[in-house]
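Only one structure is covered here, and it is reproduced in the block below.
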Amino acid sequence: MSTQQDLICEQIDNIKMAKVYERPDSLLDVRMHYCPGCGHTTTHKILMEIVDELQIKNEVIGVAPVGCSVLAYDYLDIDMQQAAHGRATAVATGIKAVQPDKYVFTYQGDGDLAAIGTAETIHSANRGENFLIVFINNGIYGMTGGQMAPTTPIGEKTATSPYGRDRATMGAPIDITGLLAQLPGTFYATRQSVHDAKAVRKAKKALTKAFQYQKLNKGLCIVEIVSNCPSGWKLTPYESNQWMIEHMMSLYPPGDVKAPSKEDLQS
């Protein structure tokens, strides 16, 4: 090896590389079982980044019910409680009642939150329960075979709407975040996504605020994550992200739906 090559190698060895990406301490170092390209993985990561950054690992309790969200127990290294299908917000209500100083969140999909759990969801918001709902909206029942969900767009073909969702016979998609935002007990409602780096940063900022708002005891927060379902939609990860941008985000546009004013935050 030449002297010049030796010098270059020595310079490389002396470079102190900045760490720009790492697994959060609160995210278990295990293989995830979600389908390739699924938005659950990124959402898990930023949730646990927030837990680490706020230093609340011993103060946070998550609740996940049935569906793809049930896998969260395998990956989130925090206290978790399982709930029956659709009942996560009811369970979170009970946990918050007996441990009001804890940070409590539910982690739910669209079928769970907006179908079987509609009543629990709406009444938790209407009462102004002081916890966070993390709502993964991919417009389909991802785990159980790709059936139509309450949030499935008009015209979308699923296992139970093979000719496309028909409004006349199947009803219109439900904007659950917009619905909850109308209730006075909802303090903060926002819709985000995790399909690219910019979106991930916005989603993390929204989730961070939602956790911090619990200390204000002002009511329920919901952060909707519009996500893709490559397997359910029968698309590649890249194609599913493009389809989501073209079809889901026109129906569920990202951004704050209900945000507290400065007066709300100070009073």
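Residue numbers (the working numbering): 531 to 797. Glycine included, each C-beta is placed from N, C-alpha and C at the ideal position.
- Secondary structure of Q712 (DSSP, three-state): coil.
- A distance below 6 Å between beta-carbons, with the five flanking residues on each side excluded, links A645 to the following residues of its chain, in chain order: P680.
- Secondary structure of E754 (DSSP, three-state): strand.
- The alpha carbon of D642 has as its nearest neighbour, out of F661, S599, Q629 and A698, the alpha carbon of S599.
- Two segments are said to touch when three or more pairs of C-beta atoms, one from each, lie closer than 8 Å; by this definition the region 673 to 691 does not touch the region 709 to 729.
- Taking the Cα positions, F717 is about 12 Å away from Q742.
- Within a 10 Å sphere around the beta-carbon of E793 sit fewer than 16 other beta-carbons, which makes this residue exposed.
- Assignment of beta strand (DSSP E) within the region 722 to 769, counting only whole runs of 3 or more residues, yields 750 to 756 in chain order.
- The region 760 to 780 and the region 560 to 570 touch, with three or more beta-carbon pairs separated by less than 8 Å.
- Y633 counts as buried, since no fewer than 16 other beta carbons sit within 10 angstroms of its beta carbon.
- Per DSSP, A594 is one residue of the beta strand (DSSP E) stretching across V590 to A594.
- Look at A719 here: in three-state DSSP terms it is strand.
- Counting along the chain, T572 sits inside the alpha helix (DSSP H) bounded by residues G569 to L584.
- The region 691 to 699 makes no contact with the region 744 to 753; the number of CB pairs closer than 8 Å stays below 3.
- Around the beta carbon of Y551, fewer than 16 other beta carbons lie within 10 angstroms, which makes this residue exposed.
- With fewer than 16 other Cβ atoms from the protein chains shown falling within 10 Å of its own Cβ, H563 counts as exposed.
- Taking 8 Å as the cut-off, the Cβ atoms of Y605 and L662 do not count as close.
- Put simply, of I608, Q534 and G762 the residue whose alpha carbon is nearest the alpha carbon of V593 is I608.
- Nearest to I752 by alpha-carbon distance, out of N758, G715 and A602, is G715.
- About 23 Å separates the beta carbons of I576 and L795, which is beyond the 8 Å limit, so they are not a contact pair.
- Residue environment: N667 is assigned as buried (16 or more neighbouring CB atoms within 10 Å of its CB, all protein chains considered).
- Straight through space, the alpha carbons of T651 and M610 are spaced by roughly 19 Å.
- The straight-line gap separating the alpha-carbon atoms of K788 and T648 is approximately 19 Å.
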